[in-house]
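Trainee: Numbering (our numbering), first residue to last: 3 to 182.
We treat Cβ as the ideally placed atom computed from N, Cα and C, and that holds for glycine.
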């Protein structure tokens with residue numbers, strides 16, 4: 003890894019961590035918590051959560067959105083930076099590496115759509131939520147699946163040996179001296 007790559011990833015990684023902690027701090031008092039809203043596919047359940055929050059906590063939830071837009075940009079840029087030529091994805095070809103670089107920006111797009119749907123609902127622009135609530139939850143689900151997929155790929159690339167063996171079982175077998 004080159005020095006510039008390490009610094010870029012470290013700065014963006016720290017910014018994402020601080021941003022995530024800040025968002026968590028803003029919504030820490032919401033009960034039911036923010037994940038319950040994100041994964042609610044049913045309009046009645048969505049509005050029950052908003053009703054349980056009341057006007058003050060709903061305003062707190064709405065106040066996190068401007069910070070979330072920044073967070074989306076940061077984690078999208080982090081995903082791209084991690085997939086640069088000299089990063090942990092360096093041993094895969096250019097095309098797969100470029101595809102991996104799109105995973106977190108695609109998660110960011112899902113996050114933008116989810117946020118837009120939630121703001122639309124909370125602004126009272128919808129008649130109860132109809133398809134908007136499940137669409138928002140679907141975007142959230144896809145977002146989190148993409149984030150987990152990318153994190154798993156990063157861990158795999160970091161732990162997989164560079165010698166050409168495929169992943170952790172081969173590395174463990176080689177370390178133990180047993181044939182594959």
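Below 9 Å between beta carbons: does that hold for residue 145 and residue 113?
Mentor: As a first step, residue 145 is located in the chain shown; it is residue number 143 there, counting from the start. As a first step, residue 113 is located in the chain shown; it is residue number 111 there, counting from the start. Yes, these two residues count as a Cβ contact at 9 Å.
Trainee: Using the rule of at least 16 other Cβ atoms within 10 Å of the residue's Cβ for burial, across every protein chain shown, is residue 133 buried or exposed?
Mentor: Counting from one through the chain shown, the residue named residue 133 turns up at place 131. Around the beta-carbon of residue 133, fewer than 16 other beta-carbon atoms lie within 10 Å, marking it exposed.
Trainee: Any contact between the region 71–91 and the region 49–58? By contact I mean 3 or more CB pairs, one from each, below 8 Å.
Mentor: no
Trainee: Would you call the region 115–128 and the region 60–71 in contact, with 3 or more CB pairs under 8 Å?
Mentor: Yes, the region 115–128 is in contact with the region 60–71.
Trainee: Apart from the five residues just before and just after residue 156, which ones in its own chain have a Cβ nearer than 7 Å to its Cβ?
Mentor: By 1-based counting over the chain shown, the position of residue 156 is 154. Cβ neighbours of residue 156 beyond the five flanking positions: 84, 90.
Trainee: Could you tell me which of 42, 36, 8, 52 sits nearest to residue 188, measuring between CA atoms?
Mentor: Here the chain covers residues 3 to 182 and nothing more, so residue 188 does not appear.
Trainee: DSSP on residue 99, reduced to helix/strand/coil?
Mentor: Indexing the chain shown from 1 puts residue 99 at position 97. If DSSP states are grouped into helix, strand and coil, residue 99 belongs with the helices.
Trainee: Name the residue from 41, 135, 99 whose alpha carbon lies nearest to the alpha carbon of residue 147.
Mentor: Within the chain shown, the letter at position 145 stands for residue 147. Comparing Cα-Cα distances from residue 147 to each of 41, 135, 99, the minimum goes to 41.
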